[in-house]
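The structure under discussion appears below in the form of structure tokens.
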Amino acid sequence: MEESLAEHIIGQEAAVSAISCAIRRSRTGVKDPRRPIASLLFVGPTGVGKTEVANVLAAEYFGSKEAMVRLDMSEFYGRHSLKAGWRAASRDGSISQQQKNKLVVEELRKHFRVEFLNRIDEVIIFNQLKKEQLRRIVDIMVKEVFERMKEKMIQLKVTPTIHEQSCRR
38 MEESLAEHII GQEAAVSAIS CAIRRSRTGV KDPRRPIASL LFVGPTGVGK
88 TEVANVLAAE YFGSKEAMVR LDMSEFYGRH SLKAGWRAAS RDGSISQQQK
138 NKLVVEELRK HFRVEFLNRI DEVIIFNQLK KEQLRRIVDI MVKEVFERMK
188 EKMIQLKVTP TIHEQSCRR
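Residues 38 to 206, numbered by our numbering, are exactly what the sequence shown covers, in order.
Okay, structure coming up:
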């Protein structure tokens, strides 16, 4: 399972590992049959693989990426929403994984009832992608486009400049 996720999800090794562990735990047979396989809350910036993970899991376990419940919580995210003390954690405004975990839990408690939070098995934090990881993702996406175009007998050429611009945020 972990290998399959890692093929699709680039640069999120900790998230892939945590998700795989959660799914393995659910397969032990000791979980409450009235509860879902796992209730996972994915948090992190836009474009880091959260939706892709959900799509891959839904497709592998239920045969279709439409077999998932998706709640878009993007309105609760933004660098501006970080407290001043958190922004000061480093020069570039980034914070450590431990600080992220603490901040996420604090913010969740502010916005959601305990009854909701108690139903979440695990909060999984996705990190910002590095340039090399973005390049790998663009390579995968370009390859998929090439395959679709090949089926339609359309030739496509991607220059290094276009490829590089695709990696910019």
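C-beta atoms are modelled at their ideal positions from N, C-alpha and C, and glycine is treated no differently.
C-beta contact flag for residue i and residue j at 8 Å
i	j	result
VAL85	LEU42	no
SER63	ALA75	yes
ILE27	VAL142	Outside the shown range of the chain (38 to 206) lies residue 27, about which nothing can therefore be said.
HIS200	VAL182	no
LYS168	CYS204	yes
Assigned exposure category for residue i - 16 Cβ within 10 Å defines buried
i	result
GLY20	Since the first and last residues shown for the chain are 38 and 206, residue 20 lies out of range.
LEU77	buried
Local conformation of residue i per DSSP, three classes
i	result
VAL151	helix
VAL106	coil
ILE199	helix
PHE183	helix
PHE163	coil
LEU193	coil
VAL85	coil
VAL93	helix
For residue j and residue i, believed in contact at Cβ under 8 Å, the rounded distance
i	j	result
GLN165	PRO82	6 Å
7 Å Cβ shell around residue i - same chain, five flanking residues per side excluded
i	result
GLN170	ILE47 and GLY48
Cβ-based neighbour list, residue i, same chain, cut-off 6 Å, excluding 5 preceding and 5 following
i	result
ALA125	Caution applies to ALA125, whose pLDDT of 38 falls short of 50 and renders its modelled position unreliable; the model cannot decide the point.
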